[in-house]
Amino acid sequence: AQSVAQPEDQVNVAEGNPLTVKCTYSVSGNPYLFWYVQYPNRGLQFLLKYITGDNLVKGSYGFEAEFNKSQTSFHLKKPSALVSDSALYFCAVRLQGSTSGTYKYIFGTGTRLKVLA
Amino acid sequence: DARVTQTPRHKVTEMGQEVTMRCQPILGHNTVFWYRQTMMQGLELLAYFRNRAPLDDSGMPKDRFSAEMPDATLATLKIQPSEPRDSAVYFCASGFRLAGNTDTQYFGPGTRLTVL
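Same order as they appear, the protein sequences are chains A and B.
Residue numbering for the first sequence follows my numbering, starting at 12 and increasing by one per position.
Residue numbering for the second sequence follows my numbering, starting at 245 and increasing by one per position.
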């Protein structure tokens with residue numbers, strides 16, 4: 012079955028330290044990969060996406076993600092964490108749908124990032 | 245600042261009642277998604293539309309759920325009859341897709357549904 016895994020329910024990091032939120036996927040073909048962030052009582056906000064090309068993708072708020080095909084991973088990173096980065100982070104993959112021209116999106120279960128002052 | 249809007253933001257209802265959730269996508273977007281978020285299941289795609297036509301609703305329980313787009317500015321998700329297990333936050337998202345482009349989805353604030 013095609014899936015997206017976020018192995019950590021929660022990640023704690025001190026402010027100013029680098030952070031990594033992990034994501035691995037198991038899909039056929041070449042996936043399109045996304046990261047979204049959700050703040051309390053809000054909808055998800057797009058951070059970045061990987062389609063093709065450079066394995067290091069830069070996104071909003073200083074976040075970046077590295078696509079690693081051999082490890083089927085798409086980890087989210089930031090060089091220096093801020094307290095305001097504390098939120099729920101979702102990795103997602105776009106798959107071909109059952110009908111031509113349609114797509115399915117599978118989201119990971121989310122990782123709660125807590126940045127400590 | 246264009247945003248996806250959803251109404252109501254909160255809904256408490258009794259089992260068996262009909263629930264209608266509404267979504268106004270960002271003007272000009274041609275793709276609309278409905279998701280359900282629960283602690284147990286995470287974020288699940290229920291249905292999505294492109295140019296008002298339903299493309300995939302395989303994630304939606306067909307016996308009680310229905311999704312429509314009466315026009316380009318309104319998407320609705322209806323549950324009839326509602327059950328306690330439908331309690332969740334329902335998100336609408338919109339995007340714009342041309343051939344070869346990838347959807348970036350813009351999410352609304354969600355409707356928190358509680359079925360007693």
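Glycine is no exception: its CB is placed at the ideal position from the N, C-alpha and C atoms.
Using a Cβ-Cβ distance under 9 Å, would residue i count as near chain A?
i, result
"residue 362(B)", "Outside the shown range of chain B (245 to 360) lies residue 362(B), about which nothing can therefore be said."
"residue 337(B)", "yes"
"residue 290(B)", "no"
"residue 309(B)", "no"
"residue 358(B)", "no"
"residue 305(B)", "no"
"residue 351(B)", "yes"
"residue 320(B)", "no"
Let me see if you follow: with CB-CB separation under 9 Å, is residue i close to chain B or not?
i, result
"residue 33(A)", "no"
"residue 69(A)", "no"
"residue 72(A)", "no"
"residue 28(A)", "no"
"residue 114(A)", "yes"
"residue 56(A)", "yes"
"residue 100(A)", "no"
"residue 23(A)", "no"
"residue 52(A)", "yes"
"residue 89(A)", "no"
"residue 36(A)", "no"
"residue 120(A)", "yes"
"residue 125(A)", "no"
"residue 80(A)", "no"
"residue 85(A)", "no"
In its own chain, which residues sit with a C-beta less than 8 Å from the C-beta of residue i, not counting the 5 before and 5 after it?
i, result
"residue 75(A)", "59, 67, 68, 69, 87, 88 and 89"
"residue 28(A)", "91 and 92"
"residue 311(B)", "278, 290, 291, 293, 298, 301, 304, 319, 320, 321 and 322"
When DSSP labels each residue in this structure, what does residue i get in the three-state scheme?
i, result
"residue 18(A)", "coil"
"residue 94(A)", "helix"
"residue 300(B)", "strand"
"residue 27(A)", "coil"
"residue 280(B)", "strand"
"residue 105(A)", "strand"
"residue 61(A)", "strand"
"residue 328(B)", "helix"
"residue 39(A)", "coil"
"residue 116(A)", "strand"
"residue 350(B)", "strand"
"residue 71(A)", "helix"
"residue 50(A)", "coil"
"residue 266(B)", "strand"
"residue 251(B)", "strand"
Ordered along the chain, which non-local residues of its own chain (more than five positions away) have a Cβ less than 7 Å from that of residue i?
i, result
"residue 97(A)", "124, 125 and 126"
"residue 83(A)", "35, 36 and 37"
"residue 252(B)", "355"
"residue 308(B)", "323, 324 and 325"
"residue 339(B)", "273, 275, 347, 348, 349 and 350"
"residue 17(A)", "33, 34, 102, 119, 120, 121 and 122"
"residue 288(B)", "279, 280 and 303"
Since residue i and residue j should fall inside the 8 Å C-beta cutoff, what is the C-beta to C-beta distance between them, to a whole number of angstroms?
i, j, result
"residue 43(A)", "residue 62(A)", "5 Å"
"residue 286(B)", "residue 120(A)", "4 Å"
"residue 248(B)", "residue 316(B)", "Between residue 316(B) and residue 248(B) the Cβ distance is about 13 Å, and since that is not below 8 Å, they are no contact."
"residue 358(B)", "residue 256(B)", "5 Å"
"residue 128(A)", "residue 19(A)", "Not a contact, Cβ separation roughly 21 Å."
"residue 40(A)", "residue 352(B)", "About 30 Å; that fails the 8 Å criterion."
Which residues in the same chain have their Cβ closer than 6 Å to the Cβ of residue i, if we skip the five residues on either side of it in sequence?
i, result
"residue 304(B)", "290 and 291"
"residue 73(A)", "89"
"residue 271(B)", "none"
"residue 299(B)", "292"
"residue 258(B)", "360"
Using a C-beta to C-beta distance shorter than 8 Å, which residues of chain C count as neighbours of residue i?
i, result
"residue 108(A)", "In the structure shown, chain C cannot be found, because the protein chains are A and B."
ask   = Are three or more beta carbon pairs between the stretch 325-337 of chain B and the stretch 99-110 of chain A nearer than 8 Å?
value = no
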